[in-house]
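One structure is given here, and the rest of the page talks about it.
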Amino acid sequence: MPAYKTAFVSLAIVAALAASTHASAFTACQVTDTGGIDDNSFNQTAWKGVLDAQESLGIEGRFLESQAETDYDANINSLVNGNCDIIITVGFLLGDATQKAALANPEQLFSIVDYAYDPPLPNVLGQVYATDEAAFLTGYLAAGMTKTGVLGTFGGINIPPVTIFMDGFYRGAMYYNAKHETKVSVLGWNPETREGLFTNNFESLDDGRAYAQNLYDEGADIVMPVAGPVGLGSAALAAELGPDALKIIGVDADLYITDPNNGRVYLTSVTKRMDATVTEVIERAMNGSFEGGVLVGTLENGGVGVAPFHDMQASVPDPLKAELEQVRAGIIDGSIPVDE
Amino acid sequence: MNNAQESTVGLSEALLRRAAPSRAALEDLVVVPIFAVVVALVLGAAAMLATNVDLATVGRSYVALLNGSVGSVNAISETLTAAVPLTLAGLGIALGFRAGMFNIGAEGQLLIGGMAAVIAGFSFAGLPAIVHVPLVLLAGALAGGLYAAIAGWLRAATGAHEVISTIMLNLISYRLVDYLLRLDFIQREGRSDPISQSVLESAELPRLLIWLDPNLRLHAGVFLMIAAVIVINWLLFKTRLGFEFRASGENPDAARYAGMKAGLIIVLAMGLAGALAGLAGANQVSGVLGRASPGFSAGIGFDAIAVALLGRSHPWGVLLAGLLFGALEAGGRQMQVEAGVSIDLIGIIQALIIVFIAAPLLVRTLFPWGFRKAERAEREE
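Residue numbers (the numbering used here), protein chains in the order written: chain A, 1 to 340; chain B, 1 to 381.
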């Protein structure tokens with residue numbers, strides 16, 4: 001039980017306490033997707049944005065965890081009635097529910113991670129991420145690092161914010177092939193048919209283990225799970241097999257840091273800086289510059305990125321690191337297209 | 001494997017005796033559930049204290065629980081909305097208990113019923129709501145009933161225990177729904193993930209309170225719930241079929257010697273139970289969600305087992321238990337918003353309630369003064 005919440009409620013009762021926690025009464029409320037606020041990746045990163053805003057802007061934050069897809073409407077609903085200055089919903093699957101609530105409550109500000117409305121709603125700011133740019137780099141890196149010549153990936157649910165990682169990863173590896181005349185293959189995703197390997201949930205660590213095992217059995221020695229906490233199960237398997245046999249590429253957060261027990265198995269992570277954009281959105285709502293529309297995180301503005309190699313620093317050859325820098329520059333200036 | 005199977009079956013039979021009490025001992029029907037709820041709340045508070053939640057927050061969270069479940073129009077609307085599918089599916093499970101069947105398959109029956117309802121809900125454009133809504137509900141009930149009847153038939157024809165077969169049918173239904181949701185004529189246009197088209201407006205159970213506030217989700221399913229309680233109560237206690245269900249549940253051999261068709265009764269009881277679970281699924285897709293996605297059952301089929309146990313398999317008891325679980329769900333949300341206490345705690349409280357319901361002896365030992373009459377009654381027997 002974090003102390004700030006205790007502080008918050010006392011604040012409601014004893015007004016004098018308000019002075020000690022910054023006088024602002026701005027409240028940001030967040031609805032998570034299934035998987036939980038402590039999933040070490042997706043939901044946790046978005047919640048970190050509120051925590052950061054709490055530090056830097058002196059706001060109050062509350063969250064509500066969705067335990068099933070049926071909770072979305074109800075959760076948003078109970079926050080609409082709960083004096084929130086802005087409601088941030090986390091995840092593509094909350095797109096319908098957020099739209100419904102935003103239309104029914106035009107005075108309430110909303111922001112949604114991983115969804116953009118077309119045409120935009122005046123009271124909803126979508127936060128989307130060009131994660132394929134960063135995943136392209138990790139695909140390139142993985143293709144340069146693999147010993148078996150086989151890479152693997154799998155997703156949670158076949159939705160755009162998941163498959164965009166897999167697209168980038170696949171194409172990065174193919175770009176490496178084209179440049180080095182290698183024949184590295186990627187299992188688990190076909191960007192042409194839009195079909196691939198999906199656990200169909202964002203919860204089961206057992207699925208994460210089983211899917212990584214399947215990919216490993218097919219020869220993959222580097223696997224990128226794009227399924228929130230499901231990937232922690234894959235990391236647990238990699239920790240048993242040892243990072244020489246199987247390496248994992250994390251997504252959303254730098255999993256070396258958020259999953260320290262298995263930190264040594266992470267080659268790197270594709271970071272999706274939802275924390276940065278969430279804080280940005282809260283700031284905009286506070287200073288009155290909030291407008292409905294879209295906020296896009298890219299490699300250039302730091303909204304997406306590639307985490308440091310940490311323990312793997314020494315095992316990534318220097319020439320490959322130099323190439324990665326070139327590819328990164330190429331993606332940013334547009335000379336290397338990531339979407340074809 | 002065999003041993004485990006036998007012990008599962010043994011356990012289910014022991015639980016069945018608890019779930020469908022043969023003598024309507026008032027203490028067992030009323031006092032045990034009340035104590036179970038109280039003890040669960042106390043132990044829930046202890047669990048919070050053990051996880052470093054201070055006493056003031058514990059108090060605040062229970063106030064929030066109360067506020068969020070009955071403290072406002074919105075709270076009551078949310079409680080009822082959550083109670084409807086739990087009660088409907090719980091009635092099905094209770095009916096099964098009465099007939100001596102331990103149906104673990106409500107989750108799967110709810111999924112299959114909901115799928116059929118969603119298909120009926122988006123397929124027939126141009127129907128007036130007065131025809132379309134009943135059609136959707138009927139489709140759900142029929143599909144759920146047929147799906148459950150498979151387990152009933154397996155039991156009647158081959159002796160396969162329904163606990164095992166309904167669990168297996170659940171697993172099949174998960175994957176079947178994943179598959180169905182990706183078929184072209186069901187999947188929503190422009191989406192690659194498994195999600196169905198939205199049901200047409202004419203197929204939606206009307207919202208009852210939107211004239212008050214557009215966020216209120218209470219819908220006409222609540223009438224369906226009350227009607228179902230009345231019908232099942234009548235069926236169980238006032239009809240010949242209900243008598244045959246109960247007779248087979250109490251003593252299958254006696255029922256058979258009395259000339260009842262055991263096999264037919266098993267299939268019928270399972271089919272009716274499944275129809276009620278399917279109705280719960282139809283209620284969810286046409287009253288709450290407006291579409292189907294892989295997780296739309298949300299564990300309701302499993303919570304319904306708890307609801308039936310808590311309600312002692314009596315239709316009115318099931319209604320009360322469904323309302324309680326609905327209140328816990330709606331209030332639990334408020335608990336997290338206002339006090340910041342994890343919503344998982346509600347799961348712990350629900351689980352504790354079940355533990356104490358399933359172990360009435362434990363409750364009797366804890367609260368001997370609550371049961372003096374019952375003990376005397378037992379001694380007299």
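Even glycine gets a Cβ: it sits at the ideal position worked out from N, Cα and C.
Cα-Cα separation between residue i and residue j, rounded to whole angstroms
| i | j | result |
| --- | --- | --- |
| Ile305(B) | Ala282(B) | 18 Å |
| Pro337(A) | Gly95(A) | 28 Å |
| Ala23(A) | Ser56(A) | Low confidence applies here, because Ala23(A) scores a pLDDT of 44, under 50, leaving its location unreliable and the question unanswered by this model. |
| Gln197(B) | Leu111(B) | 16 Å |
| Gly190(B) | Leu183(B) | 13 Å |
| Leu197(A) | Glu338(B) | 40 Å |
| Leu328(B) | Asp33(A) | 20 Å |
| Thr163(A) | Leu323(B) | 41 Å |
| Pro360(B) | Phe367(B) | 10 Å |
| Ala220(B) | Ala280(B) | 13 Å |
| Ala94(B) | Thr79(B) | 21 Å |
| His132(B) | Gly121(B) | 7 Å |
| Gly297(A) | Arg155(B) | 57 Å |
| Gly326(B) | Ala173(A) | 50 Å |
| Pro160(A) | Thr166(B) | 35 Å |
| Pro194(B) | Gly287(B) | 20 Å |
| Pro315(B) | Gln336(B) | 32 Å |
| Val304(A) | Thr199(A) | 24 Å |
| Ala125(B) | Asp344(B) | 41 Å |
| Leu310(B) | Ala141(B) | 24 Å |
| Tyr387(A) | Ala68(A) | Nothing in the structure corresponds to residue 387(A), since chain A is present only between 1 and 340. |
| Gly382(B) | Gly90(B) | Outside the displayed range of chain B (1 to 381) lies residue 382(B), so it cannot be described from this structure. |
| Ala276(A) | Asp252(A) | 12 Å |
| Asp303(B) | Ala358(B) | 14 Å |
Contact set for residue i: own chain, Cβ-Cβ below 7 Å, skip 5 residues either direction
| i | result |
| --- | --- |
| Gly292(A) | Pro120, Leu121, Pro122, Asn123, Val124, Leu125 |
| Val53(B) | Val341 |
| Ile76(A) | Val31, Ile87, Thr89, Ala97, Thr98, Ala101 |
| Asn177(A) | Ala143, Lys183, Val184 |
| Asn158(A) | Phe198 |
Beta-carbon neighbours of residue i, restricted to chain B and to distances below 9 Å
| i | result |
| --- | --- |
| Gly82(A) | Gln334, Val337, Glu338 |
| Ile87(A) | Within 9 Å Cβ-Cβ: nothing; Ile87(A) doesn't reach chain B, min ~11 Å. |
| Ala364(A) | Any answer about residue 364(A) is impossible in this case: the structure gives chain A only from 1 up to 340. |
| Leu64(A) | Arg333, Gln336, Val337, Ile343 |
Amino acids of chain A, ordered along the chain, whose beta-carbon sits closer than 7 Å to that of residue i
| i | result |
| --- | --- |
| Leu324(B) | None at all; the shortest Cβ gap to chain A is about 17 Å. |
| Asn74(B) | Asn81 |
| Leu289(B) | Thr70 |
Proximal residues of chain B, C-beta to C-beta of residue i below 7 Å
| i | result |
| --- | --- |
| Ala104(A) | Pro214, Asn215 |
| Ala68(A) | Gly295, Ala298, Gly299 |
| Asn158(A) | Ser192, Asp193 |
Own chain partners of residue i with C-beta closer than 8 Å, once the 5 adjacent residues on each side are dropped
| i | result |
| --- | --- |
| Ile222(A) | Ala142, Met145, Thr146, Leu151, Gly152, Leu246, Lys247, Ile248, Ile249, Leu267 |
| Ile37(A) | Asn43, Gln44, Trp47, Phe63, Glu65 |
| Phe356(B) | Val32, Phe35, Ala36, Val39, Ala40, Leu362, Val363 |
| Pro317(A) | Gly144 |
| Arg171(A) | Asp132, Phe136, Gly139, Pro191, Val338, Asp339, Glu340 |
| Asp333(A) | none |
Those residues which DSSP pairs with residue i across a bridge
| i | result |
| --- | --- |
| Val150(A) | Ser185(A) |
| Ala28(A) | Gly61(A), Ile86(A) |
| Asp33(A) | Asp33(A) is not bridged to any residue. |
| Arg207(B) | His219(B) |
| Ser111(A) | Ile88(A), Leu125(A) |
| Met168(B) | Beta-bridge pairing links Met168(B) to no other residue. |
Any non-hydrogen atom of the ligand SAM closer than 7 Å to residue i Cβ
| i | result |
| --- | --- |
| Leu309(B) | The ligand content of the structure shown is nil, which means the ligand SAM is not present either. |
Contact list for residue i against chain A, beta-carbon separation under 8 Å
| i | result |
| --- | --- |
| Glu78(B) | Ala74, Asn77, Ser78 |
| Asp303(B) | Those within 8 Å of Asp303(B) in chain A number zero; the least Cβ separation is about 11 Å. |
| Asp178(B) | Asn200 |
Within chain B, partners of residue i - CB distance below 8 Å
| i | result |
| --- | --- |
| Arg194(A) | Ser192 |
Same chain, Cβ closer than 6 Å to residue i, five either side skipped, listed in chain order
| i | result |
| --- | --- |
| Arg291(B) | Ser196, Ser198 |
| Ala149(B) | Val267, Met270, Gly271 |
| Arg23(B) | Note that Arg23(B) scores a pLDDT of 48, beneath 50, so its modelled location is shaky; the value from the coordinates is reported in the next line. Same-chain partners within the cutoff: there are none. |
| Gly242(B) | Leu235, Leu236 |
| Gly188(A) | Gly152, Thr153, Phe154, Gly196, Leu197 |
| Ala99(B) | Phe245, Ser248, Gly249, Ala269 |
| Tyr256(A) | Gly263, Tyr266, His310 |
| Leu218(B) | Ser77, Leu80, Thr81, Leu208, Leu209 |
Could you name each continuous alpha helix (DSSP H) segment of 4 residues or more that falls completely within the region 32 to 84 of chain B, going from the start of the chain to the end? 32 to 50, 55 to 70
### Query
At what residue ranges does the region 215 to 297 of chain B contain a whole run of the beta strand (DSSP E), taking only runs of 3 or more?
none
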